[in-house]
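Here is the structure we will look at.
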Amino acid sequence: MTARIIPVSLFDLVVFGATGDLAFRKLLPALYYRDRDGQIPDGSRILGVSRRCMPLETYLEEVEATLRHQVPQGYLDPGCLARFLGRIRYYVCEIGQPDTLRPLAAALADGGDRVRVFYFATSPDLFGQASRDVDALGLVTDKSRVVLEKPIGHDLVSANAVNNEVGAVFGENQIFRIDHYLGKETVQNLMALRFANFLFEPLWNAAHIDHVQISVAETIGAEGRGDYYDRAGAMRDMVQNHILQLLCLVAMEPPTRFEPDFVRDEKLKVLRALKPITVADSVTRTVRGQYRAGAINGSPAASYPDEVGVPHSDTETFVALKVEVETWRWSGVPFFLRTGKRMPVRATEIVIQFRTIPHSIFLPSAGPISANKLIVRLQPDEGMRLSLMVKDPGPGGMRLRQDSLNLSFAETFRMRYPDAYERLLMDVVRGNPTLFMRRDEVEAAWRWVDPIIAAWQERGDSPRPYTAGSWGPSASVGLIVRDSRTWHEDGQ
Ligand code: BG6
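The opening position of the sequence shown corresponds to residue -6 in this note's numbering, with each subsequent residue numbered one higher.
Following this line, the structure appears as structure tokens:
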């Protein structure tokens, strides 16, 4: 199976934070793959910007080493690598000192009237200043776009400030706020599942769905990002963006068209319909956790405070929530959300639990009848599974058992699954913001999340300890069992 490659326009991509973790781990490999597949037009350039003083040759050596480490041998042919490295330039600049950007400005001027992308892979505190700097040098053209990495702000007030500062230089249609979950193939598949099939949509409501679970479990810990993570925590790092975006895609009404504002309008309505969690609710509807020393797959894992070097850290590395979407479609259907670091396995999945049948025609000897479940597996082993009741084959009368229709994308499509950033970077060049967050979405998400964090502070709710390699604090089980439901057990 081969993917269809749609070439994009000639572009210059300026990466602020070109020596950072994101650039090396995600952006450069993603661009390499797009180049290797022939999607990047000849003459397009990647202009790295950082404060680290080094000649271009040293930067290129670092990029090459990263690619050799991250890209499997079979994808690394010397011709492609040389062509890709040939696109890269490097500039030593200091955000806040626009004069240091002059060599970059001269290079951009040489590029003429092509698409110009400014990717701010820096701390959000610098987004405003970096915007003012490129503006001061007259670098923002009609064909310019700016990409902002999450988190946008730390709360609603700071998100507004960032959006205002960037918005003073770039129009909203030029601002691309990345939530890389939206670029994941299976997340886009969720829209295909719901809106390209007749089967599910008539059942996609409170009359037929008992509850929904969204779980994002990671085995990794803070991974050297302790400075950032200890100020953020799981609520700001994962729930405010990735998990709420997944919830939106599950819960939204069908957009009229698969076009940017049609999709984003529907997601926004979901965010605005989330029932606020009050201080009192936060006792029964939320659980915060923090990992202690343990082991994952037999390897020892340090406790979170030891890992980040903050002995009395009050930051949560696990969150579980019971959420309600106050709409006609979802009235009375709880959404259980949970995310945690240092879980026993890496698994991101959405479970749609249908209601039990209203009446069984079978004798009790046929066995119990379980409700159907649709499981959308985002990673790893991307795919979808629909659990059904079937007759146990062979003699012995009517005996029922549960089995699954299983669609494994790896087996079905036999192709390399592109990383989310590959798709998203090309969408920025195309100017297609469908898979990016609009300003009002980011703000609506903060508006719902802020009071939960405030409630934890007001109650002095310290995160509950859990052992690294477990499924979080036992209170997370309590949260769902209280509602007579259980967490889906796949992989557990
Ligand atoms: C990032 C978070 O946005 O997403 C990280 O900051 C997290 O803490 C990561 O590990 C998870 O992304 P993925 O694609 O590996 O699920």
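Note that the Cβ used here is the ideal one computed from N, Cα and C, for glycine as well.
Here the structure is a predicted model, which is why all the values come from computation and not from measurement.
**OP:** For the beta strand (DSSP E) containing residue 342, list its first residue and its last residue.
**Re:** By 1-based counting over the sequence shown, the position of residue 342 is 349. Counting along the chain, the beta strand (DSSP E) containing residue 342 begins and ends at 340 to 347.
**OP:** In angstroms with no decimal places, state the Cα-to-Cα distance between residue 201 and residue 195.
**Re:** Numbered from its first residue, the sequence shown carries residue 201 at position 208. Numbered from its first residue, the sequence shown carries residue 195 at position 202. Taking the CA atoms as reference points, residue 201 sits about 9 Å from residue 195.
Subject >> Segment contact, 8 Å Cβ cut-off, at least three pairs: the region 167 to 178 with the region 408 to 421 >> reply: Segment contact: the region 167 to 178 against the region 408 to 421, three or more CB-CB distances shorter than 8 Å; contact assigned.
Subject >> Distance, residue 137 Cα to residue 425 Cα >> reply: If you number the sequence shown from 1, residue 425 lands on position 432. If you number the sequence shown from 1, residue 137 lands on position 144. Their Cα atoms are separated by approximately 13 Å.
Subject >> Meets three-Cβ-pair contact criterion under 8 Å: the region 134 to 148 and the region 112 to 119 >> reply: Because the criterion of three Cβ pairs below 8 Å is met, the region 134 to 148 and the region 112 to 119 touch.
**OP:** Confirm, please, whether the CB-CB distance from residue 282 to residue 459 is below 8 Å.
**Re:** Walking along the sequence shown from the start, residue 459 turns up at place 466. Walking along the sequence shown from the start, residue 282 turns up at place 289. Yes. Within cutoff.
**OP:** Below 8 Å on the Cβ atoms is my guess for residue 205 versus residue 344; work out the distance and round it to an integer in Å.
**Re:** The residue labelled residue 205 in the question sits at position 212 within the sequence shown. The residue labelled residue 344 in the question sits at position 351 within the sequence shown. Distance from residue 205 to residue 344 at the Cβ level is roughly 7 Å; contact confirmed, criterion being Cβ atoms closer than 8 Å.
Original post:
Regarding residue 213 and ligand 1, is the C-beta to nearest heavy atom distance less than 7 Å?
Top reply: The residue labelled residue 213 in the question sits at position 220 within the sequence shown. Correct: residue 213 has its Cβ closer than 7 Å to ligand 1.
Subject >> Inter-residue spacing [alpha-carbon to alpha-carbon] between residue 243 and residue 105 >> reply: Mapped onto the sequence shown, residue 243 falls at position 250. Mapped onto the sequence shown, residue 105 falls at position 112. Taking the straight line joining both Cα atoms gives about 43 Å.
Subject >> residue 181 Cβ short of 7 Å to ligand 1 heavy atom set >> reply: Mapped onto the sequence shown, residue 181 falls at position 188. Answer for residue 181: no, Cβ out of range of ligand 1.
Original post:
What's the C-alpha gap between residue 481 and residue 328?
Top reply: The residue you call residue 481 lines up with position 488 of the sequence shown. The residue you call residue 328 lines up with position 335 of the sequence shown. Going by C-alpha positions, residue 481 is about 13 Å away from residue 328.
Original post:
Apart from the five residues just before and just after residue 76, which ones in its own chain have a Cβ nearer than 8 Å to its Cβ?
Top reply: As a working note, residue 76 is residue 83 in the sequence shown. Setting aside the 5 residues that flank it on each side, residue 76 is surrounded in the same chain by 28, each with a C-beta closer than 8 Å to its C-beta; the list follows chain order.
Original post:
For residue 192, is the classification buried or exposed, using 16 other Cβ atoms within 10 angstroms of its Cβ as the cut-off for buried?
Top reply: As a first step, residue 192 must be located in the sequence shown, where it is residue number 199. Exposed.
**OP:** Could I get the ranges of all uninterrupted beta strand (DSSP E) runs contained in the region 21 to 90, with 3 residues as the minimum, in chain order?
**Re:** Positions of the beta strand (DSSP E) runs, each at least 3 residues long and wholly inside the region 21 to 90, are given as 38 to 43, 81 to 85 in order along the chain.
Original post:
What is the rounded straight-line gap between the Cα of residue 8 and the Cα of residue 85?
Top reply: Translated into positions along the sequence shown, residue 8 becomes position 15. Translated into positions along the sequence shown, residue 85 becomes position 92. One C-alpha to the other measures close to 12 Å.
Original post:
Residue range of the beta strand (DSSP E) that residue 140 falls in?
Top reply: Within the sequence shown, the letter at position 147 stands for residue 140. For residue 140, the uninterrupted beta strand (DSSP E) run begins and ends at 137 to 141, by DSSP.
Subject >> In chain order, each alpha helix (DSSP H) run of at least 4 residues that lies wholly inside the region 145 to 221 >> reply: 149 to 160, 178 to 188, all fully within the region 145 to 221.
Original post:
Beta carbon of residue 207, beta carbon of residue 239: below 8 Å?
Top reply: The sequence position of residue 207 within the sequence shown is 214, counting from 1. The sequence position of residue 239 within the sequence shown is 246, counting from 1. Going by C-beta atoms, residue 207 is nearer than 8 Å to residue 239.
Original post:
Who are the near neighbours of residue 53 in its chain, counting only those whose CB is closer than 7 Å to its CB and skipping five residues on each side?
Top reply: As a working note, residue 53 is residue 60 in the sequence shown. Leaving aside the five residues that flank residue 53 on each side, the residues in its chain whose CB is nearer than 7 Å to its CB run, in chain order, 78, 81.
**OP:** Compute the beta-carbon to beta-carbon distance between residue 288 and residue 296, rounded to the nearest angstrom, for a pair I have assumed lies under 8 Å.
**Re:** Taking the first residue of the sequence shown as 1, we reach residue 288 at position 295. Taking the first residue of the sequence shown as 1, we reach residue 296 at position 303. Going by Cβ atoms, the distance from residue 288 to residue 296 rounds to 12 Å, so no, they are not a contact pair.
Original post:
Who are the near neighbours of residue 373 in its chain, counting only those whose CB is closer than 8 Å to its CB and skipping five residues on each side?
Top reply: Looking up residue 373 in the sequence shown gives position 380. Excluding sequence neighbours, residue 373 sits near 339, 340.
Subject >> Beta-carbon gap between residue 473 and residue 279 smaller than 8 Å >> reply: Taking the first residue of the sequence shown as 1, we reach residue 473 at position 480. Taking the first residue of the sequence shown as 1, we reach residue 279 at position 286. No, the Cβ-Cβ distance between residue 473 and residue 279 is not below 8 Å.
**OP:** Flag residue 19 as yes when its Cβ comes closer than 7 Å to any non-hydrogen atom of ligand 1, and as no otherwise.
**Re:** Here residue 19 is taken as the residue at index 26 of the sequence shown, counted from 1. Residue 19 Cβ: outside cutoff for every heavy atom of ligand 1.
**OP:** Assuming residue 342 contacts residue 322 (C-beta within less than 8 Å), just tell me the rounded distance between them.
**Re:** Looking up residue 342 in the sequence shown gives position 349. Looking up residue 322 in the sequence shown gives position 329. Contact flag wrong, Cβ pair sits at about 22 Å.
Subject >> At least three beta-carbon pairs within less than 8 Å, the region 430 to 439 to the region 256 to 276 >> reply: Yes, the region 430 to 439 is in contact with the region 256 to 276.
**OP:** Alpha carbon to alpha carbon, how far is residue 367 from residue 5? Give it in angstroms, no decimals.
**Re:** Walking along the sequence shown from the start, residue 5 turns up at place 12. Walking along the sequence shown from the start, residue 367 turns up at place 374. Their backbone Cα atoms lie some 43 Å apart in a straight line.
Subject >> Per-residue DSSP class, three states only, for residue 471 >> reply: Locating residue 471 in the sequence shown gives position 478, counting from the first residue. Helix at residue 471.
Original post:
Quick one, which of 24, 128, 448, 385 has its alpha-carbon nearest residue 358's?
Top reply: In the sequence shown, the residue the question calls residue 358 occupies position 365. That would be 385, whose Cα lies nearest to the Cα of residue 358.
Original post:
Where do the ends of the alpha helix (DSSP H) carrying residue 277 lie?
Top reply: Against the sequence shown, residue 277 aligns to sequence position 284. From DSSP, the alpha helix (DSSP H) with residue 277 extends over 272 to 278.
Subject >> residue 453 versus residue 34 - alpha carbon distance >> reply: Here residue 453 corresponds to residue number 460 of the sequence shown, with the count starting at 1. Here residue 34 corresponds to residue number 41 of the sequence shown, with the count starting at 1. Approximately 55 Å between the Cα atoms of the pair.
Original post:
Can you tell which of 273, 229, 325 has its C-alpha closest to the C-alpha of residue 440?
Top reply: Indexing the sequence shown from 1 puts residue 440 at position 447. Per the Cα distances, 229.
Original post:
Which class does residue 410 belong to by DSSP, given the choice of helix, strand or coil?
Top reply: Residue 410 sits at position 417 when you count from the first residue of the sequence shown. Look at residue 410 here: in three-state DSSP terms it is coil, with no helix or strand label.
Original post:
Cα separation between residue 60 and residue 17?
Top reply: What you label residue 60 is simply residue 67 of the sequence shown in a count that begins at 1. What you label residue 17 is simply residue 24 of the sequence shown in a count that begins at 1. Linking residue 60 to residue 17 through their CA atoms gives a straight-line distance of about 8 Å.
Subject >> Endpoints, beta strand (DSSP E) assigned at residue 108 >> reply: If you number the sequence shown from 1, residue 108 lands on position 115. Per DSSP, residue 108 belongs to the beta strand (DSSP E) from 108 to 113.
Subject >> Coil, strand or helix - residue 253 by DSSP >> reply: Within the sequence shown, numbered from 1, the residue matching residue 253 stands at position 260. When secondary structure is reduced to three states using DSSP, residue 253 falls in the helix class.
**OP:** Determine the burial state of residue 233: buried for a count of at least 16 other Cβ atoms within 10 Å of its Cβ, exposed for fewer.
**Re:** Sequence index remark: in the sequence shown, residue 233 carries index 240 (1-based). Under this definition residue 233 is a buried residue.
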